[in-house]
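Below: the structure, in structure tokens.
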Amino acid sequence: MSDKAKAALRHVGDPTPASPAFAHFDRATELKAYRDMLLIRRFEERAGQMYGMGLIGGFCHLYIGQEAVVTGMTAAMRPGDQVITAYRDHGHMLATGMDPRGVMAELTGRAAGYSRGKGGSMHMFSVEKSFYGGHGIVGAQVPLGTGIAFANRYRKDGKVCVTYFGEGAANQGQVYESFNMAGLWKLPVVYVVENNRYAMGTAAERATAQSDFSRRGASFDIPGEQVDGMHIHDVYDAGKRALDWARSGKGPYLLEMLTYRYRGHSMSDPAKYRTREEVDRVRQGRDAIGYLRHHLIENGWATDDDLQAIDAEVRALVADAADFAQSAPLPDPSELWTDVLA
Amino acid sequence: MPIDVLMPALSPTMEEGRLAKWLKKEGDSVSAGDVIAEIETDKATMEVEAADDGILEAILVPEGTDGVKVNAVIARLSGADDNGAGRGKPPPAPSSLVGEGRGGGLSAAESGTESAKSSSPSLPHKEGEEPTTNATSGTDAGKAPAAGGAPTEGSDALPPGTEFVTQTIREALRDAMAEEMRRDPDVFVMGEEVGEYQGAYKVTQGLLDEFGKDRVYDTPITEHGFAGLGVGAALAGLKPIVEFMTWNFAMQAMDQIVNSAAKTRYMSGGQVGVPIVFRGPNGAAARVAAQHSQDFASWFAHVPGLKVVQPYTAADFKGLLKSAIRDPNPVVFLENEILYGASGEVPVGDDVLVPIGKARVARAGTDVTLVSFGIGMRYAEAAAAALAMQNISAEIIDLRTLRPLDMATVIASVKKTGRAVTIEEGWPVASIGAEISARVMEEAFDWLDAPVLRIAGKDVPMPYAANLEKLALPSVPEIVAAVKAVTYR
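Just so you know, the sequences run in chain order A and B.
For the first sequence, numbering that gives the first Met the number 0 begins at 0 and goes up steadily by one.
For the second sequence, numbering that gives the first Met the number 0 begins at 0 and goes up steadily by one.
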């Protein structure tokens with residue numbers, strides 16, 4: 000079987016067995032991961048509804064399907080480690096602990112949003128949570144994240160910057176300019192390629208000469224791993240290895256997360272480039288939340304009732320965020336002129 | 000037949016240099032390719048190779064001589080005549096040279112001379128300007144600045160007793176960085192050849208020695224990448240000084256400057272700032288043609304979220320660079336290769352700053368206002384001197400900062416003179432002059448006695464041929480003619 004076929008199968012094929020190493024979560028951690036993933040999914044579903052109702056404008060890229068990637072990586076990080084990503088960013092924000100109200104209010108363009116209504120879906124930040132955006136230009140966040148890692152090294156503060164980008168962005172030249180400097184200067188950065196298989200409407204194998212993205216750092220001596228991004232335990236294990244590597248002064252590490260987005264690229268995506276069956280196959284066979292739910296029950300760590308309670312809590316949180324985001328005031332017109340310069 | 004060995008130019012802008020050392024004596028025989036001498040400029044040392052075989056018959060310029068003009072005859076070889084007729088006449092061309100780097104980037108900027116180049120512009124938006132007219136009134140009207148004269152005045156509100164030192168703009172910039180690096184450990188320098196090579200134009204000379212590798216970073220040739228890396232470091236609170244070998248190469252980094260540096264504060268609702276300085280030479284160099292000779296001032300001045308500075312005097316280069324480094328916003332700091340070697344009086348003091356956003360009245364006058372900035376000031380000053388001979392009194396405004404633009408100083412002057420001519424090296428379309436012209440029309444229409452005229456670079460890519468290059472740049476006669484037109488003389 001060709002590399003390309005294998006890569007495609009990993010995305011949409013039968014469930015892969017979880018690696019045996021997943022005993023790293025204790026019950027509390029696993030329940031929290033379940034709750035965080037569920038929060039992202041419910042939040043994104045609600046955002047999609049609100050977009051359809053005209054309450055959210057512009058571009059809105061939903062993270063549904065990819066929840067295990069950011070949740071597993073976040074579980075492996077230490078407080079103070081930074082996160083930077085592109086525009087499919089709501090999940091990353093919620094995973095860092097940013098307030099769903101503030102995120103949703105930004106989506107509706109309200110003054111109470113994280114960027115006071117001036118950033119929108121693609122541009123939110125929280126210095127408090129070490130979340131550095133939210134960037135709208137494909138690939139541009141990669142040098143930025145490398146620069147944050149540069150600052151970590153400059154200050155010798157032991158932090159690592161986790162820099163996310165898609166497999167589409169992996170074809171941008173500035174990614175390799177960043178790899179080169181990160182390797183050269185041994186910067187504490189973990190590059191996470193979220194390979195959700197489609198760069199907008201272009202399947203990875205149609206846009207890249209070599210579709211094993213974990214090998215993209217090889218020219219710079221950056222170690223890479225391909226990880227099943229639908230299995231949070233695998234993500235967590237690989238994340239730990241990568242973070243330890245970067246934190247110990249060995250330089251950058253590259254993780255390719257094989258994942259899948261259920262929704263379109265953005266809300267306006269007619270999704271003609273893949274079949275409904277393909278999407279359904281992943282949802283039914285490889286869903287990250289379904290996998291974790293199954294694991295919790297099998298392991299005796301939760302009952303259906305426990306999980307329903309979590310579901311209820313999450314739904315309430317999302318409903319509250321949605322209400323807040325619709326009732327919060329618009330930015331004052333004077334905000335037009337503020338924050339241009341310090 | 001004797002062959003002249005000429006003083007070579009080490010760079011497109013070099014006019015003269017020091018003959019540091021002869022490596023051959025009179026009477027020595029030399030072969031083509033032998034190193035026969037070393038020459039120096041304030042930027043570099045280079046070797047002179049023989050271009051022909053022969054005997055070094057006479058050394059005409061002894062070693063240790065300063066100020067040897069390019070193309071002066073420095074030695075004479077007696078030709079090796081053995082192959083007689085075949086050889087034709089020996090090329091008088093100098094043996095030259097050496098070194099070289101990337102593209103035309105490495106010229107050894109010399110200065111001083113009459114070169115005419117100017118620079119560019121940019122413009123503002125209404126918001127954000129704080130135009131007080133605090134232009135130092137300092138200049139006496141009558142002072143007729145020689146063309147190309149190095150600038151001195153222009154420091155703002157100096158405490159009594161401030162001492163001055165004469166230094167080149169190159170040195171002033173280096174001192175500005177060094178002082179700010181001593182003051183704030185978060186300030187660091189990165190760019191191509193800024194460390195071990197001591198700067199492609201020697202602006203960062205000595206910084207690596209003083210501050211070490213943890214503060215001075217030689218980057219790979221990767222403008223897009225290191226500009227973005229610098230912005231990322233600034234997001235995390237450091238204060239990078241990112242040097243572009245020239246701004247021509249910064250086009251590769253445009254996305255990071257405009258989309259990342261300029262917009263993040265706004266997009267984050269004020270949460271995250273980008274305290275970074277992007278600096279390097281901008282504008283026409285000499286004889287390096289279209290890709291290495293252009294003025295980006297108006298490009299950057301167009302972008303809200305940036306501050307854009309393009310000084311002219313040595314004092315302003317230093318004081319404004321220090322202000323830029325301390326500024327919490329991204330600052331585009333536009334230098335000029337041709338000015339690096341120009342000298343001026345620079346006030347001494349770690350906290351002597353020149354504020355961003357304040358123009359300077361460089362010369363007081365009554366009949367017309369010349370508005371310029373950067374190397375454009377050279378043309379303006381030369382034109383003002385020429386006009387003075389014809390009893391036309393020109394006031395010169397050196398904008399210094401192009402965003403935010405200090406329109407109050409310009410308007411106050413125009414209200415006095417009733418006329419304005421703008422001067423810049425950049426292209427005329429959507430130029431700084433275009434903005435000034437529009438703003439003067441909006442804000443001082445009733446005081447105008449003539450249309451505002453613009454003198455700019457010609458609307459073509461920079462040609463290589465010397466005569467065409469000269470035509471492509473603004474000239475003093477063009478300014479004089481424009482002034483006569485608006486003063487109806």
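Glycine residues also receive a C-beta, built at the ideal position from the N, C-alpha and C atoms.
Keep in mind the model is a prediction, meaning the values are calculated, not measured.
- The distance from the Cβ of Arg260(A) to that of Ile55(A) is about 18 Å, inconsistent with a contact at the 8 Å cut-off.
- For Gly118(A), the neighbours in chain B by C-beta distance under 9 Å run, in chain order, Tyr265, Met266, Ser267 and Gly268.
- Look at Pro280(B) here: in three-state DSSP terms it is strand.
- For the stretch 213 to 298 of chain A, the full-length beta strand (DSSP E) segments reaching 3 residues or more read 223 to 227 and 252 to 257 along the chain.
- Taking Asp349(B) as the centre and dropping the five residues before and after it, the same chain places the C-beta of Glu178 closer than 6 Å to its C-beta, in chain order.
- Looking at the DSSP output, Gly343(B) shares a beta bridge with Gln166(B).
- Your pair Asn151(A) and Val159(A) checks out as a contact, with CB atoms roughly 7 Å apart and the cut at 8 Å.
- Our two residues, Ala484(B) and Ala419(B), have alpha carbons roughly 11 Å apart in a direct line.
- For Ser265(A), the closest C-alpha among the options Gln81(A), Ser120(A) and Asp80(A) is that of Ser120(A).
- Using beta-carbon distances, Arg115(A) counts as an interface residue toward chain B, with a partner under 8 Å.
- Within chain A, the residues whose beta carbon sits less than 7 Å from that of Asn258(B) are Ile136 and Ala139, listed in sequence order.
- Excluding residues up to 5 positions away in sequence, Gly216, Trp244, Tyr252 and Leu253 lie with their Cβ nearer than 8 Å to the Cβ of Pro222(A) in the same chain.
- Within the same chain, no residue comes within 8 Å of Gly160(B) by CB-CB distance, once the 5 residues on both sides are set aside.
- Counting only Cβ-Cβ distances below 9 Å, Asp35(A) has no contacts in chain B at all, with the closest Cβ about 23 Å away.
- Scanning chain A for C-beta atoms nearer than 8 Å to the C-beta of Thr218(B) yields Met180, reported in chain order.
- Thr12(B) and Ala285(B) do touch by the CB rule: their CB atoms are close to 5 Å apart, below 8 Å.
- Distance from the CA atom of Arg314(A) to the CA atom of Val192(A), rounded to whole angstroms, is 30 Å.
- Each of Ala175(B), Gly198(B), Gly26(B) and Ala74(B) was checked against the Cα of Asp41(B), and the nearest Cα belongs to Gly198(B).
- Three or more pairs of CB atoms, one per stretch, sit closer than 8 Å, so the stretch 165 to 184 of chain B contacts the stretch 301 to 315 of chain B.
- The beta-carbon of Pro269(A) is placed no less than 8 Å from the nearest beta-carbon of chain B.
- Between Thr107(A) and chain B, the shortest Cβ-Cβ separation is not below 8 Å.
- A distance below 8 Å separates the beta carbons of Lys68(B) and Glu14(B).
- Around the beta carbon of Met0(B), a 10 Å sphere encloses fewer than 16 other beta carbons of the protein chains shown; the residue is thus reported as exposed.
- At a C-beta separation below 8 Å, Phe225(B) has these neighbours in chain A: Pro142, Glu176 and Met180.
- Selection Arg246(A), Ala148(A), Lys249(A) and Pro269(A) evaluated against Met199(A) yields Pro269(A) as nearest (Cα-Cα).
- Taken in chain order, the unbroken stretches of beta strand (DSSP E) that lie wholly in the stretch 75 to 153 of chain A and span 3 residues or more are 81 to 83.
- Pairing Phe42(A) with Ala32(A) gives a Cβ-Cβ distance that is not under 8 Å.
- If you draw a straight line from the Cα of Gln251(B) to the Cα of Asp88(A), it comes to about 26 Å.
- His301(B) and Gly417(B) have their C-alpha atoms some 27 Å from each other.
- Annotation: the continuous beta strand (DSSP E) that includes Glu15(B) extends over Glu15 to Trp21.
- For Phe124(A), the neighbours in chain B by C-beta distance under 7 Å run, in chain order, Ser267, Gln270 and Val271.
- Between the C-alpha atoms of Ala203(A) and Asn170(A) there is a straight-line separation of about 10 Å.
- Under the Cβ distance rule, Val191(A) does not count among the residues neighbouring chain B, no pair being separated by less than 8 Å.
- About 6 Å separates the beta carbons of Ile309(A) and Leu37(A), which is inside the 8 Å limit, making them a contact pair.
- At least one CB of chain B lies nearer than 8 Å to the CB of Thr145(A).
- Chain A places no beta carbon closer than 8 Å to that of Gln309(B), leaving this residue out of the contacts.
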